[in-house]
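**Q**
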Amino acid sequence: MVSFTEKFTFIEGLTITFSIIAILISVLSYYDTTIRDRRQLRIHKIEEMIEIIILIIGNYAEFDDLFCLQEKIRSISDFEDFELEKKALMEQEKKYINALTLISNDLRLREKIIRLNILATTYLPNNDLKNRVKSLVSLISHIYEATVNQNYNKTKRNFKTYPRAWVLLPYVERLQLDLSKEMKLGYESNMFSKNPYQEKFLKELNIN
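Mapped onto our numbering, the consecutive letters of the sequence shown carry residue numbers 38 to 245.
(1) How about the segment 191-210 and the segment 131-151: do they share at least three Cβ pairs that are nearer than 8 angstroms?
(2) Could you name the residues of the same chain whose beta carbon sits closer than 6 angstroms to that of A157, not counting the 5 residues immediately before and after it, in chain order?
(3) Consult DSSP for T54 and reduce its assignment to one of helix, strand or coil.
(4) If we count the other Cβ atoms within 10 Å of its Cβ and call it buried at 16 or more, is H179 buried or exposed?
(5) The alpha helix (DSSP H) spanning Y292 covers which residue range?
(6) Using only the alpha-carbon positions, how far apart do T54 and M220 sit?
(7) Using a 10 Å radius around the Cβ and a threshold of 16 neighbouring Cβ atoms, would you call Q77 buried or exposed?
(8) Would you give the residue range spanned by the alpha helix (DSSP H) that I113 belongs to?
(9) According to DSSP, simplified to helix, strand and coil, what is Q187?
(10) I155 and I93: beta carbons closer than 9 angstroms?
(11) Buried or exposed, going by whether 16 or more other CB atoms sit within 10 Å of the CB of F104?
(12) Which runs of the alpha helix (DSSP H) at least 4 residues long sit entirely within the segment 105-155? Give them in chain order.
(13) In chain order, what residues of the same chain lie with their CB nearer than 7 angstroms to the CB of L106, ignoring the 5 residues before and after it?
(14) Report buried or exposed for I91, applying the criterion of at least 16 other Cβ atoms within 10 angstroms of its Cβ.
(15) Among R152, Y208, D143 and K124, which one has its Cα closest to the Cα of E88?
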């Protein structure tokens, strides 16, 4: 019985061997490229999450101030003695809402809140980090609904009150750092930390 290898000349055998090796290299290269592409895609999506979070926290103080104003209005009695004070505060509230509506529309804030939730659900592992991002999404969604849309009664079951901006900031800083770690780039980056070069920069430009 003739063996499989005896059917081919030495040159033919080498050609087949090299062809098999080339196919294996192509397959391995494909999988390596696929893994790298997936990693790059995930890094890009996490960067997008950080970008949205920074945008949201950059405008949170205005929602916080409006909520505090609305709380004050809710606490004022409807007695006639307080009618003028309440009316003045409600005029102030109206201006706040108009301004925040313009800002929210300009930034497409509601779309970004939904986008952040989708990104966290899709690209973060099922762990504490995902839940923290989704909790922030819930907080921002509710404060938007309670303040700009004036639906406090609808939202108070989940959030009776909201953290002040300076209380929320450290939470967001930690969240941003942990998202940076999730990218596994070998270093951490805090977008909220003070720039150590700032003083030198001002001196070099003679504007300090």
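Just so you know, even glycine gets a beta-carbon here, dropped at the ideal spot from N, CA and C.
**A** According to the structure data:
(1) no
(2) Here residue 157 corresponds to residue number 120 of the sequence shown, with the count starting at 1. Excluding sequence neighbours, A157 sits near K167, V170 and K171.
(3) Walking along the sequence shown from the start, residue 54 turns up at place 17. Helix.
(4) Locating residue 179 in the sequence shown gives position 142, counting from the first residue. Buried, since its Cβ has 16 or more Cβ neighbours within 10 Å.
(5) Outside the shown range of the chain, which is 38 to 245, sits residue 292, and nothing can be said about it.
(6) Here residue 54 refers to the residue found at position 17 when the sequence shown is read from its first residue. Here residue 220 refers to the residue found at position 183 when the sequence shown is read from its first residue. Their backbone Cα atoms lie some 40 angstroms apart in a straight line.
(7) For the purposes of this step, residue 77 is identified with residue 40 of the sequence shown, where counting begins at 1. Q77 comes out exposed.
(8) Your numbering for residue 113 matches position 76 in the sequence shown. Premise fails: I113 is in no alpha helix (DSSP H) and is neither H nor E.
(9) Looking up residue 187 in the sequence shown gives position 150. DSSP places Q187 in coil when its eight states are reduced to three.
(10) Start at 1 with the first residue of the sequence shown, and residue 155 comes out as number 118. Start at 1 with the first residue of the sequence shown, and residue 93 comes out as number 56. Cβ atoms of I155 and I93: not closer than 9 angstroms.
(11) Here the question's residue 104 lines up with position 67 in the sequence shown. Buried.
(12) 120-144
(13) Start at 1 with the first residue of the sequence shown, and residue 106 comes out as number 69. L126, Q129, E130 and Y133.
(14) Residue 91 sits at position 54 when you count from the first residue of the sequence shown. A residue is called buried when at least 16 other Cβ atoms come within 10 angstroms of its Cβ; I91 does not meet this threshold and is exposed.
(15) Within the sequence shown, numbered from 1, the residue matching residue 88 stands at position 51. Looking from the CA of E88, the closest CA among R152, Y208, D143 and K124 belongs to R152.
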